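Residue numbering for the sequence shown follows numbering that gives the first Met the number 0, starting at 0 and increasing by one per position.
Glycine included, C-beta positions come from ideal geometry on N, C-alpha and C.
Keep in mind it's a predicted model, so treat the numbers as computed, not measured.
Since the structure comes first, as structure tokens, the remarks are kept for the end.
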Amino acid sequence: MAGHSKWANIQHRKGAQDKKRGKIFTKLIREITVAAKNGPDPSANPRLRLAIDKALSANMTKDTIERAVKRGAGDGDAEQLDEVRYEGYGVGGVAVMVDAMTDNRNRTVAEVRHAFNKHGGNLGTEGSVAFQFANQGYLVFADDIDEDALLEAALEAGAEDVMLHNDGSLEVIVAAEQFVNVKETLSDAGFSAEGGEVTMRANIEVDVDLEVAQTLIKMIDMLEDLDDVQAVYTNANIPAEAYQ
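See the structure below:
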């Protein structure tokens, strides 16, 4: 990780997201509602299972989750939303992808383009950066975990790899569709993850200096504040001190 701390990055990023909990709940409810359109049974709908797992991790109540599932499955008036992905480059040529759910594409693309332009980036065409990312899950464990024991348990559970970072934290790499299964299996075995999610993960991360990182964070924050934006991905390896 080029001298950066994976554990510190996740902690700082989580702290920043916690300040936006209200907006995060709104985005999670949207994801659950849209996912439930493909079926209300999480065991038969991997996307819904992931959405519910993420909502529970954010301390959303089960009643709220159940209402969102019912709304998406047809019990009530669900929003008619289009799923759209925007691709482009941030300052320093960093690749950025933005996933959105919108009922007005013209409004959303204008808002996303404005955020890119304001922070030295530019919105690109479809496919311009998507090839640099893969849909993948990860689980991060603190540095007091027995590496050999976690490695054995993770691989038996179906994980793809286990990485040791220079801060002592351990990262379990998981196929997206196996994320919840592996997470639950490891938890049952006594390995409780401190963080993790399914995300569009950069195939190769790019180190950025503090100035570029701080500008990127401002752009990401502006994008995430947009009501239509569900998630923002980048291939930048942002140093933890940039969040301070």
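Beta-carbon gap between residue 248 and residue 140 smaller than 8 Å: Coverage of the chain is limited to positions 0 through 243, which leaves residue 248 absent and any answer about it impossible.
Per-residue burial, residue 3 [other beta carbons within 10 Å of its own, 16 or more giving buried]: Position 4 of the sequence shown, counted from the first residue, corresponds to residue 3. Interpretation of residue 3 is limited by its pLDDT of 42, a score under 50 that renders its predicted location unreliable; the figure taken from the coordinates is listed afterwards. Residue 3 is buried by the Cβ-count criterion.
Cα-Cα separation, residue 34 to residue 222: Position 35 of the sequence shown holds residue 34. Position 223 of the sequence shown holds residue 222. Each residue's Cα considered, the two are about 22 Å apart.
Buried versus exposed, by CB contacts within 10 Å (16 or more), residue 229: As a working note, residue 229 is residue 230 in the sequence shown. Looking at its Cβ environment, which holds 16 or more other Cβ atoms inside 10 Å, residue 229 is buried.
Expected contact under 8 Å - CB spacing of residue 241 and residue 212 to nearest Å: Along the sequence shown, read from residue 1 onward, the residue named residue 241 stands at position 242. Along the sequence shown, read from residue 1 onward, the residue named residue 212 stands at position 213. At roughly 4 Å, the Cβ-Cβ gap stays under 8 Å, so residue 241 and residue 212 are in contact.
Check: residue 233 C-beta below 7 Å from any heavy atom of the ligand FMN: With respect to the ligand FMN, the structure offers nothing, as it holds no ligand at all.
Rounded separation between residue 146 and residue 103 - CA only: As a working mapping, residue 146 is identified with position 147 in the sequence shown. As a working mapping, residue 103 is identified with position 104 in the sequence shown. If I take the Cα positions, the gap works out to 48 Å.
Where the beta strand (DSSP E) containing residue 107 begins and where it ends: As a position in the sequence shown, residue 107 is number 108, starting the count at 1. Run containing residue 107: none in the beta strand (DSSP E); it sits in the alpha helix (DSSP H), 104-117.
Extent of the continuous beta strand (DSSP E) run through residue 135: Taking the sequence shown and counting its residues from 1, one reaches residue 135 at position 136. Segment 132-140, the beta strand (DSSP E) holding residue 135.
Cβ-Cβ separation, residue 197 to residue 134 (assumed contact under 8 Å), whole Å: Looking up residue 134 in the sequence shown gives position 135. Looking up residue 197 in the sequence shown gives position 198. Right, their Cβ atoms sit about 7 Å apart.
Exposed unless 16 or more other CB atoms sit within 10 angstroms - verdict on residue 44: Within the sequence shown, the letter at position 45 stands for residue 44. Per the 10 Å Cβ criterion, buried.
Test item: CB-CB of residue 195 and residue 136 under 8 Å: As a working mapping, residue 195 is identified with position 196 in the sequence shown. As a working mapping, residue 136 is identified with position 137 in the sequence shown. Yes, they are a contact pair.
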